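If you're matching positions, the sequence shown starts at 0 in numbering that gives the first Met the number 0 and goes up one per residue.
Take a look at the structure below.
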Amino acid sequence: MNNKILLGSIVLALATFGAAAEDAAMAPAKNAMKATKSGEVSFKNDIQPILRDHCISCHQPGASGYLKSGLDLTSYETLMKGTVFGKVVIPGDSASSTFTKLLTGTNKGLKMPMGLNAEGTLDRQYILLMRNWVKQGAKNN
Ligand code: HEC
């Protein structure tokens with residue numbers, strides 16, 4: 000093979016790989032838009048990336064939110080288990096689920112992510128996505 004062509008393919012492969020990596024980093028936001036259009040919300044593809052980016056720093060064993068409430072947001076199973084006081088997700092009912100109620104600070108002044116200012120508020124797309132996921136039955140999909 001001609002060296003120039005070989006070099007060209009390597010550069011192309013690297014560029015493609017770079018774009019794919021960027022796509023992966025943008026995945027939650029893109030999925031959020033898709034979800035609003037199609038109405039389909041996936042725990043694995045839509046919800047888990049949001050929890051990973053915005054919640055598990057405090058909600059994993061040893062961290063503040065876990066120590067105070069027992070809520071571990073690192074997996075579907077632990078999310079559905081809820082806190083030491085009880086469940087935070089009521090499948091089908093996002094208005095009664097603490098998991099989604101706390102995102103807009105309507106539950107006795109508590110707001111998640113922790114902190115009451117607008118700065119700490121999740122992107123509106125993410126909030127809608129989480130509510131829709133609960134409304135659709137909070138499935139492990
Ligand atoms: C900066 C740390 C921090 C982050 C980030 C955080 N939390 Fe929390 N969370 C806490 C603490 C601390 C508590 C215990 C609050 C209390 O009981 O006073 C808590 C409690 C909770 C509870 C239980 C409330 C109850 O009383 O039943 C839910 C549900 C919750 N968090 C959801 C979330 C979600 C969803 C996210 C991400 C969008 C999130 N948290 C991000 C610190 C955090």
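Using N, Cα and C, we set each Cβ at its ideal position, and we do this for glycine too.
Remember, predicted model here, so these are calculated numbers, not experimental data.
Check: residue i C-beta below 7 Å from any heavy atom of the ligand HEC
i, result
"V83", "no"
"G104", "no"
"K67", "yes"
"L127", "no"
"M79", "no"
"G64", "yes"
"V40", "no"
Terminal residues of the alpha helix (DSSP H) in which residue i lies
i, result
"T97", "T97 to K100"
"T77", "Y75 to K80"
"K67", "S63 to S68"
"P48", "Q47 to H53"
"N131", "R123 to K134"
Whether residue i touches residue j by CB criterion (8 Å)
i, j, result
"M113", "G64", "yes"
"V83", "G69", "yes"
"W132", "I46", "yes"
"M111", "L127", "no"
"H53", "L121", "yes"
Own chain, CB closer than 6 Å to residue i, minus 5 neighbours either side, in chain order
i, result
"K134", "S93"
"K43", "none"
"A137", "V88 and P90"
"T99", "S93, M129, R130 and V133"
"N140", "S41 and F42"
"L78", "L72"
Spatial neighbours of residue i in its chain, beta-carbon cut-off 7 Å, leaving aside the 5 residues before and after
i, result
"L50", "L72"
Cβ shell of residue i (< 8 Å), same chain only, five flanking positions each side left out
i, result
"Q59", "Y65, D71, L72 and T73"
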